Structure formats: structure tokens, C-alpha cells
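For the record, in the sequence shown the residue sitting at position 177 is 168 according to our numbering, with numbers rising by one throughout.
We put the CB at the ideal spot given by N, CA and C, even for glycine.
In this text, all values refer to a predicted model and were calculated from it rather than measured experimentally.
So the structure is just underneath, and the comments pick up after that.
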Amino acid sequence: MRTIATVLLALLLFSPTVGADGGPVIIREIEPVAGPDWLVLDESDIRAAGATTLGELLADVPGIFVNESGTPGGLVTASFRGAAANQLLVMVDGVPINQATNGVADLSGLPLAEFERVEIRRGVGGNRYGGGAVGGVVNLVTKVAARADGLFSLGLGSAGEQRYSLCLGRQLSPEAGFSVRGWLAEHDGWRDNSDSGEMGFRVAARVSLSSHTIRGGYARWTKEQGLPGPRPAEGELPEFGSEEATSLFDNQQEDSQSAVLNYHGRLGGVILHADLGWREHELSHFTRYRSFFPTEDKSRYLTTTYYGSAWGRFAIFEPVELEVGLGYRSSRLEARLDSTVWDADPFDPDERGTTTTTEWSPTADELGGWLEARATPGLFTADARLRVDDHGVYGAHVT
-8 MRTIATVLLA LLLFSPTVGA DGGPVIIREI EPVAGPDWLV LDESDIRAAG ATTLGELLAD
52 VPGIFVNESG TPGGLVTASF RGAAANQLLV MVDGVPINQA TNGVADLSGL PLAEFERVEI
112 RRGVGGNRYG GGAVGGVVNL VTKVAARADG LFSLGLGSAG EQRYSLCLGR QLSPEAGFSV
172 RGWLAEHDGW RDNSDSGEMG FRVAARVSLS SHTIRGGYAR WTKEQGLPGP RPAEGELPEF
232 GSEEATSLFD NQQEDSQSAV LNYHGRLGGV ILHADLGWRE HELSHFTRYR SFFPTEDKSR
292 YLTTTYYGSA WGRFAIFEPV ELEVGLGYRS SRLEARLDST VWDADPFDPD ERGTTTTTEW
352 SPTADELGGW LEARATPGLF TADARLRVDD HGVYGAHVT
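Next comes the structure, spelled out in C-alpha cells:
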């Protein structure tokens, strides 16, 4: 990873220059996607908060609780007060990133510098996004260059902490631009086998024509994390820990890639929006422990998700608006567990142990539509929401 950091720094020295006059070229931006029931934090709000991670930023939002595991690079989750972490839907550019295995979104692999806007919806968001949003919604909008430039940042800390990030952006015209971002981080940890490392990159582009904007992007990142445990008891095999603890060699690795395409525009008096996305996430886990006999487990969970949604909003008559939408989500999990048990010496080259393999592949598909009516007479707002999906589940909400 240190080699990659050197390459990133070298790329910075050859970052593209600004157009002919050397000044910024601004892309025209139409109205934000978020509605009036959203809290929107833009880049100025993020800078004012002084947060360096997404978890730190959300922790300062009233009503949001952020939970971080005790190891550097470990799991970071968020939830609204009164709701669980698997009830908060987290999206990047309108595409959910919650895991199919437990419904939780890990925020540790999402650098705050990647986002130009954080949109937060309190309360039930299930009318638009389904059952996974009963505890609220957080949508992260990635940056696309507003000018042609390069930016490099470096952070150092105790216990061997190192953070690098690089952004290169270029304007192709006043209406179009793209950016490439890369980052990596390393930490030696505070205990044996608690070191972590991650790296990733994201490519994003945006084109604005009149009242229509199209955004697209691709991202990939990988993370390795040691899983510490208590030191083995005296007389136990260090490689296999004790009956109460895992070994000092446990670790997990995550690999993720995603692609997204967004459209937002206005056609006459109708506001239109659409999201398409694909995400693949692989989690590999390795552990050794002592039960009755030394045991080694290797597990792999590969989740593939496809997502699409589209909605239109228009005024029926002043001051009543109507929103109609349709959404689809398909997830497939491919899981495999190889468990090897030694009833003799596990370090004997002639003793191969007994391996048991378990595989399963659950799938989940959801197709749903929603209807929302909103009226804003004077200083008051009233709305009614209805959702129906293909499982025969429906819900209604009036405020």
C-alpha cells in the first residue's frame, strides 16, 4: 500500500490543469433530489463540523447514534434513536449499500472526503424505500469535479496510522466533467492482530443539459482487518487459542465494487428522477479456535445486488403536490463455510483433518410502488403516503 501512496503522489504532480483561462468552470446544478422532509448537509456544513470521518459527522446530528467497534478499521454503524442499525437504510447516490446478510451498512469504508452532500431523512422512509428504511434514510452524494484541479491529503497518527487520498478532476465543458479519487489507510492497531488496511478508488462523471442531469460512477475498495483475541492460556497452542478465545491469527477481508447511474430533471411541470445500481460485496473470514479439538473455519459470503427506482413529482393544484414512484431490488447471497477439525496433532504433515463444507444461496426480490400527496398551506405541511409491494405488503402514513 505504501507503494501505491507513492504512485498517487506522483500522479498529483501531473494533475490536469484548468481550462484556457485557468479559472473554475462551474457545472449548472438543478434543484436537489432531497425533499422538504430531509436534512441536507452540504460541503460547507461538512467543513464547519470539523469531522474527518463519516461516523464523526453523523454522530453530531441530533438523534443519530454511531457505534464503532474497538479496533481500527472495524465495523462502524449508525442508527436513529429508538431504531436498530439494520433499520437505517444507507445509500450512495441513491443505491442501497446495506448488507443482505444482516441488513447493516458498514460506514468504515466510506471516506468523508468522497461526498459533496449528505441527505438525512428522519422517521419512517418505508413508503419509498421499503421495509429496510423504517428507521430512517441516509443518502450520500459523491463529488464530481466543479473545476479542474488536483488535491492530495495526508494524515498520520499514533500506532502507525497513515491515511492518503488523491483527487483529480477535469472539466470537458461547462456542462460536463469527471473526477477520479483514490484513497488508502493503514493502522498497526493497539493489540496483537488488530492491524488494518484499506484502499479504493472511485470514478464519477456528470453531464447537465438544460433541465436534465445525468450522473454515473464506479467504485471499488478492499479492506483487511485482523481480529484480536485474548492471549492463549498457558499450555494451549498459540495458533489455536484457548477454549474461550479465538487465535491470534484470525482475520477477515472485504472486497466491494459498485456502479451507479442517476438521472434528475424536469419535463414541463413534472420533476423526474431515476436510479440504477449494481453492487457486489465479498466478505471472507478466517478463524482458528479450540473446542474439543483444534478447529479451523474458512467462510466466504458473496452478495450481489441490483437496484432500480424511478419517480415523478408534480403539482395537482396549488399548494398540493403528488409523487408517484416504482422501485425494484434483487439480492443474491452465495455463502460457503469450510470447517476442518483435527482429532490429532494439527501440525503433523500427515494429519489432514476432517473438512466439512456447507453452502447456501438465498435470494430476495422486492418490487414496490408508492404514492405521496403533500400540501403546504402557509406555514404548515401535511402529507399522506401509501406503499404497496409484490408480497402483498402495504403501508400508509399520514402527518
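- Contact between Thr331 and Glu287 holds, with the beta-carbon distance rounding to 5 angstroms and staying under 8 angstroms.
- Judged by DSSP in its simplified three-state form, Arg38 adopts helix.
- Assigned with DSSP and collapsed to three states, Glu309 falls in coil, not helix or strand.
- Cβ-Cβ distances below 6 angstroms link Val251 to Asp84, Val86, Gly208, Gly268 in the same chain, with the five nearest sequence neighbours on each side left out; the list follows chain order.
- Residue pairing by DSSP places Asn253 opposite Arg206, Asp266 in a beta bridge.
- Scanning the stretch 83 to 119 for uninterrupted beta strand (DSSP E) segments of 3 residues or longer gives 106 to 112, listed from N- to C-terminal end.
- Using a Cβ distance threshold of 7 angstroms, Arg193 and Arg206 do not count as a contacting pair.
- Here Ser352 is exposed. Its C-beta has fewer than 16 other C-beta atoms within 10 Å.
- The distance from the Cβ of Pro102 to that of Ser156 is about 6 angstroms, consistent with a contact at the 8 angstroms cut-off.
- Annotation: the continuous beta strand (DSSP E) that includes Glu363 extends over 354 to 366.
- By the Cβ test, the stretch 269 to 289 is not in contact with the stretch 302 to 309, since fewer than three Cβ pairs between them sit closer than 8 angstroms.
- Going by DSSP, Ala176 is part of the beta strand (DSSP E) stretching over 167 to 178.
- Burial is judged here by how many other beta carbons sit within 10 angstroms of a residue's own beta carbon; Gly73 has fewer than 16 and is exposed.
- Secondary structure at Asn184: coil, using DSSP grouped into helix, strand and coil.
- Judged by their CB atoms, Met82 and Asn130 are nearer to each other than the 7 angstroms cut-off.
- Excluding sequence positions up to five before and after Leu80, its CB lies within less than 7 angstroms of the CB of Pro87, Asn89, Gly116, Tyr120, Gly123, Ala124, Val128, all in the same chain and listed in chain order.
- The Cβ atoms of Leu98 and Val67 sit closer than 7 angstroms to each other.
- Annotation for Gly122: no beta strand (DSSP E) segment contains it, and DSSP assigns it neither H nor E.
- About 13 angstroms separates the CB atoms of Thr349 and Leu324; that is not less than 8 angstroms, and the two are not in contact.
- Ala306 is a Cβ neighbour of Glu312, given a cutoff of 7 angstroms.
- Excluding sequence positions up to five before and after Trp181, its CB lies within less than 7 angstroms of the CB of Ala150, all in the same chain and listed in chain order.
- The DSSP-derived three-state label of Ala74 is coil.
- Exclusion of the five residues before and after Gly260 leaves Phe305, Ala306 as the residues of its chain whose Cβ lies within less than 8 angstroms of its Cβ.
- For the pair Asn58 and Ala76, the Cα-to-Cα distance works out to about 9 angstroms.
- With a cutoff of 7 angstroms on beta-carbon distance, Asp380 and Gly359 are scored as near each other.
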